[in-house]
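Worksheet: one structure, shown below.
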Amino acid sequence: MPLEEPQQKQHNEVLTESMMNAEERLVLNKFTLYETRTRFFIVGSNQSDERFRVLKIDRTDANELNVIDDEVVYSKAEIQELLSMIENGNKASGGLHKVASFFGIVGFIRFLEGYYIILITKRSVVALIGGHYIYHIDDTMVVSVPGPGAKMERRPDEARYVQVFGQVDLSKNFYFSYTYDITRTLQWNMDSPDGRQHFDYNLMFVWNSHLLRPAMETIQSDWVLPIIHGFVDQSKISVFGRNIYVALIARRSRYFAGARFLKRGVNDQGYVANDVETEQIVYDATTTSFFHPPGRYGTKPSYTSFVQHRGSIPLFWSQENAGMVAKPPIELNVIDPFFSAAALHFDNMLERYNGPIIVLNLVKSKEKNRRESILLEEFTEAVSYLNQFLPAGRKIKYIAWDMARASKSHDQDVIGVLENLAEEVLATTEFFHSGPEPYVNALARSAASSGGDSDGEKKPPAKRILGRRQHGVVRTNCIDCLDRTNAAQFVIGKCALGHQLYALGVLEHPSVPFDSDAINLLNAMYHDHGDTIALQYGGSHLVNTMETYRKISPWTSHSRDMIESIRRYYSNSFTDAEKQDAINLFLGHFIPNVSLSSSKTAMALWELASDYYLHNEEPRKKRPKRSYTSWYTPATISCNHNSCANRLQPYPRKGAFYEEYYRPKLYTSFSRLFAFNIISTNTRLPSREDVIDNSPFTVRVNPAQSNRYLMIYSLNIGGVRRWLKLTNQPHRDRDAVPEKGGARHGGAQQHNHHHANQHPEDHDAAGKTKNGLHKEAATAPWWTTSALATRLVDPQVPSSELKEYKRYIHQFKAASTLLAPTVEQPAAMQAAHSDFPIFQEYVGRSGRLPNNNNNSSSLADHFEVDSRDESLYENYVENSARTSCYVGPAVQRLDLPKHAAYAKWLSTGKFVSTRSKTAEKAGPPPPP
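Per this note's numbering, the sequence shown starts with residue 1, numbered consecutively.
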């Protein structure tokens, strides 16, 4: 809900003294591990190596993890003195040794023997938000905690548990940040006070929560480093030197996480499979930090974000993959007339995002064998039941649309429908904006609301929106929440990008066209986002990409789609079980239980017939069910939009990001800065045909590439014809933008018009064209096999390319034939010259032609030539005449020997030097 100016006059008084004087927690981002025979010592320091902390880990007890957090903050001299004392005190047992340098602690894990500590040894920057870096984990190291003197019983399954745990590759798609709460949205972070002491991590997305639990109670948050799993990427839109950063952050839930066929639907706690929160952050990078410049109302109006959600259908359903079937049948395992699990799920979403919740259901509605339609009917009934008990303004907005059927139809515009849905979503939930909008936007809105009336009435003053909050979220799902869901999220993100850029004052209208540099960059980001989510959940990349739904995918995409389908089938059939075991062990759903009194252990992870009870409550310990009518928490829907929006706090001028980002005591260069090397719209190299236009919002379509997209079965769709044009159309038709009203049959009309323009003499009496092809093949629809054979046998060259090629060939002829038309030539000879159109255009631009030109008179007769230009022209003609002597059989010997030798080489292809000719005339040398 927008915040208007009268409500925010007191906004710059919100920054209280208690917030300014709050004790700032030390941020540790560089660590060193030292070991003695009985202890581990972890020394952590800040970015400037001025303040240090020490963490001590006992190595004598293999069954318990004893961690001592030294709360003293040391200086550099003090920490060196402390390490020297430790080394001197342990000389008898081997001294103090450095084990490794690392960048963070992932956590601690124990299987059957002793504890292990997981360390981050390599990292790389992937995003920059308000001066806060987000890192990707590139490599990790696992170190056994028990020392050589610890007594522990050897277990035969220990090595296998270590191997299963290692199947969760921490070097792929795991992210962290030292100074930014990556588990929360930008709206949450900017509404909260600054500093790690105020961080309130969302445990739903903290994937190392179980690993930190053994030491969480004994250590402070200085050592805690939450890690998310999902996707993070960032690119830059350069608007004539003004940099706009676009970041995409996807957070995968750790609840009910797993592989595709093994985790479907919802568990009894309301958590769904493949639950991913995607946030699109767009901000102006003119200045770096959140707080500078502070702005009139204490905030910086340069940050916007929009949040989407995807998740499996919240019903109890499954797909058994035991029969090695590519598409197993869908089964509803539990028929709950009160939809208790779905109620818990939507109650959690109302708590996380407030209302309203928009459900975009993209499953199939009509099938030969009912599969997805079973879930469609049940999900529709579930939402209808839950909406009975919600207040009028908080009901779930349910939209069901068969996207797969629409994409195969010739008379439906998939992209157009999704764009309309996206505009409806943005109008309902809005988006987050950290500050006031440009005043010109308020003036434009005021003028539009007045309707342009000129009755003399005084217009109301423009009300400037001083901040926006996103209330509610759009929840998109298909059967797998992969291909169709990602395409829909991209279109919604494209619409959100236009509104975000408009709120930042970059665009005049809140829309960005397809095939512009900005949208191509966003499409690439969402494509990588979809591929990453698909690999994590389904085991392969996206099968149907955005090009498939835009119907511009080339022939080669069929083989790629087939390969990805085979990879997904292989992964689901053979490797998903091991992946699920690794996830269950990593997240703590399964904890190995060992009896200390004997060597016997409980049932191993790989011996479980099912992991159902690992993700659902035990029947004997189930909590009492909620009311079937009052299924929601009243506090989640009682918050008024205006009151919730007033929580915006000015971001204070404190934080450890300054040392991390600017690094004032370290020599750096631009080539090593992430902001300098980020992918930008300026990286596209223009082609020779491009007009110089550096705007990232200009539509860039190369019509010469249209014939590569042979899988476009119909161009009658208005939405597609806006972006694709055929190369065999006339140039005037190719550049025209079709009207919306005639878009349905425009493609066929243009195609028939092309063949109607062919000359009648191009066909003989036998019904064949001059190139020997039948009329049926020449007039067949261009996407058919016969038309493809026609293009391959007789490729057509555009007249513009043919003309350019002829000019290129003619430039090597004699200079006398390349001269422009002259005054001495008659008008008929001038018009027959190959370069006459260029000459005519040049003369016409001079503006010296009379208005009553006769076709019989020469154009050059009316052209006034300056005396200096005439002397230059005569000199050029004279030199050209001399040059023409060297072309052809009549080669004359000139005074210059090198010219004569060159002329001989041109005429005969042989080179004879003047020295050899002189020697031949002189004869053989006399005998000595």
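Ideal placement from N, C-alpha and C gives every residue a C-beta, glycine not left out.
Take residue i and list the residues in its own chain whose beta-carbon comes closer than 6 Å to its own, dropping the five residues that flank it on each side.
i, result
"Ala-400", "Asn-361"
"Ser-48", "Glu-659, Lys-665"
Compute the Euclidean distance between the alpha carbons of residue i and residue j, then round it to the nearest angstrom.
i, j, result
"His-471", "Ser-253", "21 Å"
"Gln-319", "Glu-331", "6 Å"
"Tyr-805", "Leu-521", "35 Å"
"Asn-757", "Ala-488", "Low local confidence applies: a pLDDT of 40 at Asn-757 is under 50, so the model's placement there is unreliable, with the coordinate-based value given in what follows. Rounded to whole angstroms, Asn-757 to Ala-488 spans 41 Å at the Cα level."
"Arg-370", "Arg-25", "58 Å"
"Thr-476", "Asp-233", "21 Å"
"Thr-545", "Pro-156", "46 Å"
"Asp-181", "Asp-413", "40 Å"
"Leu-507", "Glu-279", "21 Å"
"Val-334", "Phe-205", "28 Å"
"Thr-36", "Thr-668", "36 Å"
"Asp-411", "Phe-514", "20 Å"
"Ile-679", "Ile-237", "9 Å"
"Ala-496", "Thr-548", "22 Å"
"Arg-708", "Leu-802", "For Arg-708, the predicted structure reports a pLDDT of 33, less than 50, and the residue's modelled location is therefore unreliable. A value from the coordinates is still provided. Their Cα atoms are separated by approximately 21 Å."
"Val-325", "Ser-434", "50 Å"
"Val-363", "Asn-677", "41 Å"
"Ile-117", "Thr-32", "13 Å"
"Leu-344", "Ile-249", "25 Å"
"Leu-585", "Ser-449", "59 Å"
"Leu-535", "Leu-614", "23 Å"
"Ala-577", "Phe-111", "20 Å"
"Phe-674", "Tyr-661", "10 Å"
"Met-85", "Val-27", "26 Å"
I'd like to confirm the pairing. Which residues does DSSP put opposite residue i in its beta bridges?
i, result
"Ser-373", "The partner list for Ser-373 (beta bridge, DSSP) is empty, contrary to what the question assumes."
"Tyr-116", "Ile-109, Ser-144"
"Phe-31", "Gly-44, Phe-102"
"Ser-318", "Glu-331"
"Ile-357", "Val-473"
"Thr-784", "Thr-784 pairs with nothing; no bridge assigned."
"Ser-680", "Lys-236"
"Ser-516", "Val-699"
"Ile-129", "His-132"
"His-433", "Thr-304, Arg-468"
"Ala-524", "DSSP output for Ala-524 lists no bridge partner at all."
"Arg-264", "Per DSSP, none; premise fails for Arg-264."
Report all residues from its chain with a CB closer than 7 Å to the CB of residue i; omit the five preceding and five following residues, and keep chain order.
i, result
"Asn-321", "Phe-261, Pro-328, Asn-572, Ser-573"
"Asp-61", "Ala-150"
"Ser-516", "Pro-696, Phe-697, Thr-698, Val-699, Arg-700"
"Ser-418", "Residue identity differs from the one stated: residue 418 is Leu in this sequence, not Ser. Result list for Leu-418: Ala-488, Val-491, in chain order."
"Thr-629", "Phe-389"
Starting from residue i, trace the beta strand (DSSP E) in both directions and tell me its first and last residue.
i, result
"Gly-44", "39-45"
"Glu-367", "That residue, Glu-367, is in no beta strand (DSSP E); it is neither H nor E in DSSP."
"Glu-277", "276-284"
"Ala-602", "No beta strand (DSSP E) contains Ala-602, which DSSP labels as neither H nor E."
"Asn-243", "242-252"
Please report the residue range of the alpha helix (DSSP H) in which residue i lies.
i, result
"Gln-308", "Where Gln-308 is concerned, there is no enclosing alpha helix (DSSP H), although the beta strand (DSSP E) it sits in stretches over 303-310."
"Gly-89", "76-89"
"Glu-617", "Neither: Glu-617 is in no alpha helix (DSSP H) and is coded neither H nor E."
"Lys-579", "576-586"
"Asp-483", "483-503"
"Leu-426", "414-429"
"Ile-637", "634-637"
"Val-54", "Per DSSP, Val-54 belongs to no alpha helix (DSSP H); it is in the beta strand (DSSP E), 52-58."
"Ala-448", "439-450"
In chain order, what residues of the same chain have a beta carbon less than 8 Å from the beta carbon of residue i, not counting five sequence neighbours either side?
i, result
"Glu-113", "Ala-62, Pro-146, Met-152, Glu-153, Arg-154, Arg-155, Glu-158"
"Asn-66", "Ile-57, Asp-58"
"Asn-21", "Reliability fails at Asn-21, whose pLDDT of 38 lies under 50, so the model's placement of it is uncertain and the value that follows must be treated cautiously. Within the same chain, Asn-21 has no close Cβ partners at all."
Compare the C-beta of residue i against all C-beta atoms of chain B and say whether one is closer than 7 Å.
i, result
"Ser-340", "Protein chain content of the structure displayed is limited to a single chain, and chain B is not contained in it."
- Task: Examine the Cβ distances between the segment 497-504 and the segment 531-544 and report whether three or more of them are shorter than 8 Å.
- Result: no
- Query: Are the segment 210-219 and the segment 141-150 in contact at 8 Å, needing three or more beta carbon pairs?
  - Reply: no
- Message: Under 8 Å: do the segment 34-45 and the segment 78-89 share three or more Cβ pairs, one atom per stretch?
- Response: They touch, by the three-pair rule.
- Message: Below 8 Å, how does it come out for the segment 174-190 and the segment 298-317: are there three or more Cβ pairs, yes or no?
- Response: yes
- Message: Check whether the segment 616-636 and the segment 273-288 touch, using three or more Cβ-Cβ pairs below 8 Å as the test.
- Response: no
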